[in-house]
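Chains as they are written, first to last, in numbering that gives the first Met the number 0: chain D, 0 to 131; chain W, 0 to 157. A virtual CB, placed ideally from N, CA and C, is assigned to each residue, including glycine. Just so it is clear, the structure is predicted and the values come from calculations on it, not from any experiment. The structure appears below as structure tokens.
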Amino acid sequence: MKMRPMLTLEDCKKISAAAEAEAKKNSWNVCIAILDDGGHLLHLARMDGSTPANARIAVEKGRTAAETRRSTANWQERVGKRVELLRMPGVTPVQGGLPIVMDGTCVGAVGISGVQSHEDEQIAAAGIKALG
Amino acid sequence: MKGIRALLAAAVAMFALNVGAQPLPYGAPLSVDDAKKAAAAAVAEARKNNWNMAVSVVDPAGNLVYFERMDAVQYASIAISQDKARSAATFKRPTKSMYDELEKGGAGLRFLSLRGAVASEGGELIVKDGRIVGAIGLSGGSGAQDGQCARAGTAAIK
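Set out below in structure tokens:
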């Protein structure tokens, strides 16, 4: 039997707090979503001032990264070259979603929405970094 | 003093349950810090009882503000907790009151067909200064257990 790591609630809180700190540092208001490797929501925090749409989009970016094991920036880049990829079911090809990889295994993803896409990704990366 | 406080609490509880008569107005959406506080109190109540729960906190329009899922919760509870919270917020009443109506049968059965109504205990309003600022939804245990944790969550916000 192959064993694989999985995110706990404590891990999620650590990621979310670090992401929120990164956003606060830059005076950005965003929504932070953390999902498991099957795309199921584990944790979400919508900072004051971010919109209802941010909550939905953060989850969808995270789901894309979790289920495809790729960053949504990678999807965005490939969609630019191959427009037919827009028809991929369940894919939100907008930067701001990053898979969380532990020992070569994808254990979930972080999705951020609220500021410019590259800034969203910066926040996601700061969150994942806190996992060590 | 204790007696007066208990009486006041009972009056507040009756008022909160009796939203059907005179619904409370909506207020500004609760802050994410208040949402975290409510969720933490709800999860603490679940943990105390060894129950696994998912908890959603939404704004008055039913949009997600905060969500967390205890380890080992059934997947279905992720969506159910959100649906209960949204149902409580948008119908301006605890989901238990819809369940109670449904249980009576007859006209109460309408709650099965109203769009967005979840007639299952575990969705409670978060009220601040007499205004609905959001709602909390719990799922993972029995209806009564979900409701108990949801009310522990709302009690943390005053």
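The C-beta of W:M52 comes no closer than 7 Å to any C-beta of chain D. Secondary-structure assignment with DSSP links W:E67 through a beta bridge to D:H42, W:V54. D:D102 has a beta carbon lying at 7 Å or more from every beta carbon in chain W. Here the C-alpha atom of W:Y98 lies approximately 13 Å from the C-alpha atom of W:S112. Counting the other Cβ atoms within 10 Å of the Cβ of W:P24 gives fewer than 16, which makes it exposed.
With 16 or more other CB atoms across the displayed protein chains lying within 10 angstroms of its CB, W:Q81 is buried. Inter-residue distance for W:G146 and W:K95 is about 8 Å (C-alpha atoms, whole angstroms). Sixteen is the threshold: when 16 or more other Cβ atoms of the shown chains lie within 10 Å of the Cβ of D:T71, as they do, the residue is buried. When Cβ pairs closer than 8 Å are counted between the two stretches, the stretch 70–90 of chain D is seen not to touch the stretch 45–58 of chain D, the count staying below three. Counting only runs of at least 3 residues, the stretch 102–139 of chain W fully encloses the following beta strand (DSSP E) elements, listed from N- to C-terminal order: 122–127, 130–138.
In the three-state reduction of the DSSP assignment, D:D36 falls in the coil class, being assigned neither a helical nor a strand state. Counting every other CB atom within 10 Å of its CB across the protein chains shown gives D:V29 a total of 16 or more, marking it as buried.
In the displayed model, D:V82 falls within a helix according to three-state DSSP. Short of 6 Å from the beta carbon of D:E21, and not among the five residues preceding or following it, lie these beta carbons of its own chain, in chain order: I122, A125. Separation of W:G140 and W:V126 (C-alpha to C-alpha, rounded to the nearest whole angstrom) is 24 Å. Closest in C-alpha terms to D:L85, from the list D:I31, D:W74, D:P98, comes D:W74. Here the alpha carbon of D:K128 sits roughly 15 Å from the alpha carbon of D:E118. At least 7 Å separates the beta-carbon of D:G96 from that of D:N53.
In the displayed model, W:T94 falls within a helix according to three-state DSSP.
For D:V106, the enclosing beta strand (DSSP E) begins and ends at 104–112. Rounded to the nearest angstrom, the gap between the Cα atoms of W:G121 and D:K12 is 23 Å. Per DSSP, the beta-bridge partners of D:C30 are D:R45, D:S112. For W:V31, the nearest beta carbon of chain D is closer than 7 Å to its own beta carbon. The beta carbon of D:T7 sits closer than 7 Å to some beta carbon of chain W. Where D:I99 is concerned, the enclosing beta strand (DSSP E) starts and stops at 96–101. Take W:A151, set aside five residues on each side of it, and the residues of its chain with a beta-carbon closer than 6 Å to its own are A40, A41, E44, in chain order. For W:F66, the nearest beta carbon of chain D is closer than 7 Å to its own beta carbon.
For the options W:A60, W:K47, W:A78, the alpha carbon positioned closest to that of D:H42 is the one of W:A78. Closest in C-alpha terms to W:A154, from the list W:A34, W:P22, W:P28, comes W:A34.
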